[in-house]
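Asks:
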Amino acid sequence: MTAVFPIGATNQDPESLKELASIARLITYARQSAKNLNAEFPVWCLDLALGAVLQEMYANGLQTSLFEEGADTANLAMAH
């Protein structure tokens, strides 16, 4: 998956980031469950959904350094 993230944050609403982080955790849980069931198509769809949520988080002001500490989360988003 390739994405272009804007350098400047357009909206830095902390509540939006919290909501998006919650959605990302939910998608990550669903993706892992689908992966455990060897359901390849749902895993692929959830990868796309997680990528879209991460793009939205970056658009709302998420700093890249937040994911450097939790590399597993970033790697999970890019795994196919």
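For the sequence shown, the numbering used here gives the first residue as 25, with consecutive numbering after it. Beta carbons are placed, not taken as given, at the ideal position from N, Cα and C, and that holds for glycine.
Quick one: give me the first and last residue of the alpha helix (DSSP H) that GLN56 is part of.
Replies: Translated into positions along the sequence shown, residue 56 becomes position 32. 38 to 60 is the extent of the alpha helix (DSSP H) around GLN56.
Asks: Is DSSP giving LEU86 helix, strand or coil here?
Replies: On the sequence shown, residue 86 is found 62 positions in, with the first residue counted as 1. In this structure, LEU86 counts as coil in the three-state DSSP scheme.
Asks: Taking the beta carbon of TYR82 as the centre, do at least 16 other beta carbons fall within 10 Å, making it buried, or is it exposed?
Replies: Position 58 of the sequence shown, counted from the first residue, corresponds to residue 82. TYR82 is buried by the Cβ-count criterion.
Asks: Where ALA58 and GLY85 are concerned, what is the direct C-alpha to C-alpha distance, given to the nearest angstrom?
Replies: Reading the sequence shown from its first residue, position 34 is the one you call residue 58. Reading the sequence shown from its first residue, position 61 is the one you call residue 85. Taking the straight line joining both Cα atoms gives about 30 Å.
Asks: Tell me the rounded alpha-carbon separation between GLN87 and LEU44.
Replies: Reading the sequence shown from its first residue, position 63 is the one you call residue 87. Reading the sequence shown from its first residue, position 20 is the one you call residue 44. Those two C-alpha atoms are separated by around 14 Å.
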